[in-house]
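Colleague: Below are the structure tokens for one structure; questions will follow.
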Amino acid sequence: MLLQFFHKSNRIHYLHDLLKRLDNSALRCLLIGKTKHYRKFTETIHSFMSHITVFLTIQGLLQLCNGGNGPSILRENFIDFLFESIRELICQANSSVLVSNQVKVLLKEMKFLRTFLADTSQGNKIERRKKNLAEIDDVFNEVGLFMHSSFFTADPVTSAKMDLAISVLLERIEIVEVKIKDYHIAVSLKLNRGIGSLKVAESLSEVSSSQNKSIPTVEEMIVGLEDMTTQIASKLLGGPNYRHIISIIGMGGLGKTTLAKKIYIHSNVRHHFDKLSWCVVSQTYKKRKLLIDILSSISNLSRDSQMEDEELAENLYKNLKGRRYLIVIDDLWDKEAWDDLKRLFPEDGNGSRVLFTSRLKDVALEISHVIIELPPLSPGESWNLLEQNLFKKERCPQELQDIGKQIATNCNGLPLSIITISGVLSNMEKKESLWQQVAKSLRSFISQRADDYIPSLKLSYMHLPNHLKPCFLYLSAFQEDEEIPIRKILLLWTAEGLVEKKEHKSLEDVAEEYIMELINRSLLQVSRRRSDNGVKSFIIHDLILEMCCKMALEDKTFLFQQ
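Note that the sequence shown covers residues 4 to 565 in the working numbering.
In structure tokens:
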């Protein structure tokens, strides 16, 4: 019945009046006292309206894809009506900019959905789609009848009756939301199988932001991470209602950005949040650029906007206020960026989330509620990555599998190392004897492609405090895969005069602090611990060691024979 109201123009006005009465009833309840049911109702009705909008957009696009002549004007009227209702019910003050921007974002989402649903290989599932759409239509009819019976009345509504009606309506809305989400996710999964995750990611990049580096090119070569993706996605979708901050940390080249991208384009995540934005901080933090990056992805703000910084900040806050948002901050190097931004991310108790990636554990410890330390790839995952890079969808020849697995294992679980060596192997003939040469001299072969990975890893060195740089360069004296005892390096650093004196601390204690800082900056890896859980020894990944040697050669402070 709800959709049938639109067959005649007077029905549209009738339904509009119905929701206005709902608005008035809710407002009276607000004036009497902002009860918990009312607060919960306003949060849920906003989320519900956004899901209805997405559903109707999909329904209209599906009819376009199937060559149908569905009542597109009817749906446009309904969507306009929904946004007007949201504006009146939720954003009663200073709402014009907020709602206008939300409509602009909807248009971007429609562009994404049009690409997302354009796969013609799904033709044999048209009947299934029609059945799903019919079921959702029935649900809308139920909601329309319920809203009419509950709120379309001239009798005064008391606070108690309003609370009861809203609490019942909430239960019905939640049931409808589940059906809409399930349907939408089912369509997403089917289409993902048809067009591939890379195509979806590219579409998302076009829609979510106009900046070239907003969603960097998806590394098709990175495989796995499914368990980590599911784990972190569940933390984003569930958990506490307060603004929750989650960090992904690990050394450069381990796949932090790739994992964050997998989570960002996950269909459940995309449809759970009202506003989503991806931004990159990097080492050179520029507040204005970051504000524009985020605003341009969640509103219609032009990237060449002439707004003052404070106006941009206020605009960002207004765009996020009352919305359940996910902000992904990639490559965070210090607290300055977060200290500038955190006041602009409203705390509305609606399940909003901030996810960031960093190489620095100390930064994560200071600002996040949950820290996810990204582990190296397992030997099996390493081989899968190497095999996929070299042979794409084909299988590796049997005679190369054993030596190939050995090469993959010797990369110590670092995706960047595996991708680098795959570049070496791809330029060789696929012969076992040649691969054995690579396995025996892996580091020398990797160093031939240093230009591919040194710039990325060098960032970690450049960001070190001045007192740590010579300590790190001194590690170029060690060999690949060498396990370095803490006690040994402490004595060597102290003998070289690299450890600064600190009041009330021994040189050994200060040197141990240096080691821990290098570990927390993802430049060293703990190999063994003492009984008290302190670090007993550490190792340096081959790529980090190669970068260390090159930087030592440039610096000329230490020149050790390798």
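Virtual Cβ for every residue (Gly too), placed ideally from N, Cα, C. Predicted model only: the values in this text are computed from it and were never measured.
1. For a test of the three-state rule: what should DSSP assign to S300, helix, strand or coil?
2. Leaving out five residues on either side along the sequence, give the residues of the same chain with a beta carbon under 7 Å from the beta carbon of K338.
3. For R291, which residues from the same chain have a beta carbon less than 8 Å from its beta carbon, with the 5 sequence-adjacent residues on both sides left out?
4. Can you give me the start and stop residues for the alpha helix (DSSP H) that I547 sits inside?
5. Return the CA-CA distance between L347 and K364, expressed in angstroms with no decimal places.
6. With 16 as the cutoff for other CB atoms within 10 Å, does Y245 come out buried or exposed?
7. I'd like to know if the region 440-459 and the region 527-537 are in contact, where contact means that at least 3 CB-CB pairs between them fall below 8 Å.
8. For a test of the three-state rule: what should DSSP assign to I330, helix, strand or coil?
9. Below 8 Å on the Cβ atoms is my guess for D333 versus A263; work out the distance and round it to an integer in Å.
10. Go ahead and label H269 buried or exposed: buried means 16 or more other beta carbons lie within 10 angstroms of its beta carbon, across all protein chains shown.
11. Does the separation of the CB atoms of D558 and L501 fall below 8 Å?
12. In this structure, how does DSSP classify F394 when only helix, strand and coil are distinguished?
13. What is the rounded straight-line gap between the Cα of L388 and the Cα of N318?
14. Around the Cβ of G537, are there at least 16 other Cβ atoms within 10 angstroms (buried) or fewer (exposed)?
15. Is it true that the CB of A442 sits closer than 8 Å to the CB of I410?
16. Any idea if A555 is buried or exposed, counting beta-carbon neighbours within 10 angstroms, 16 or more meaning buried?
17. If we cut at 8 Å on Cβ distances, does K264 have a partner in chain B?
18. Taking Cβ to Cβ, would you say L377 is nearer than 8 Å to S429?
19. Could you please give me the residues that DSSP links to M495 through a beta bridge?
20. Following the continuous beta strand (DSSP E) through H247, name the residue where it begins and the one where it ends.
21. Ignore the nearest five residues each way along the sequence and tell me which others in H470's own chain have a CB closer than 7 Å to its CB.
22. Along the chain, where does the beta strand (DSSP E) containing W281 start, and where does it finish?
23. How long is the line joining the alpha carbons of I457 and G352, rounded to whole angstroms?
24. Just how far apart, CA to CA, sit H507 and K539?
25. What is the DSSP secondary structure of Q309, counted as helix, strand or coil?
26. Given that a residue counts as buried once 16 or more other Cβ atoms are within 10 Å of its Cβ, and exposed if not, what is D545?
27. Use the C-beta contact count for E515: other C-beta atoms within 10 angstroms, 16 or more gives buried, fewer gives exposed.
28. Could you give the residue range of the alpha helix (DSSP H) that holds I377?
Modeller: So, to answer that:
1. helix
2. V366, E369 and I370
3. D312 and L315
4. D545 to D558
5. 24 Å
6. exposed
7. no
8. The answer is strand: DSSP assigns I330 an E or B state.
9. By a beta-carbon distance limit of 8 Å, D333 contacts A263. Their separation comes to about 6 Å.
10. buried
11. no
12. helix
13. 43 Å
14. exposed
15. In this structure, A442 lies closer than 8 Å to I410 by Cβ.
16. buried
17. The structure shown contains no chain B, having only a single protein chain.
18. no
19. Looking at the sequence provided, one finds Leu at residue 495 rather than Met. Its beta-bridge partners do not exist; DSSP assigns none.
20. Taken as a continuous stretch (DSSP letters only), the beta strand (DSSP E) holding H247 covers H247 to I252.
21. Apart from sequence neighbours up to five positions away, the residues of its chain that approach H470 with a beta-carbon distance below 7 Å are E503, ordered along the chain.
22. K278 to V283
23. CA-CA distance, I457 to G352, rounds to 43 Å.
24. Cα to Cα, the separation comes out at about 23 Å.
25. coil
26. buried
27. buried
28. The sequence shown places Leu at residue 377, not Ile. Element bounds for L377: n/a, residue is neither H nor E.
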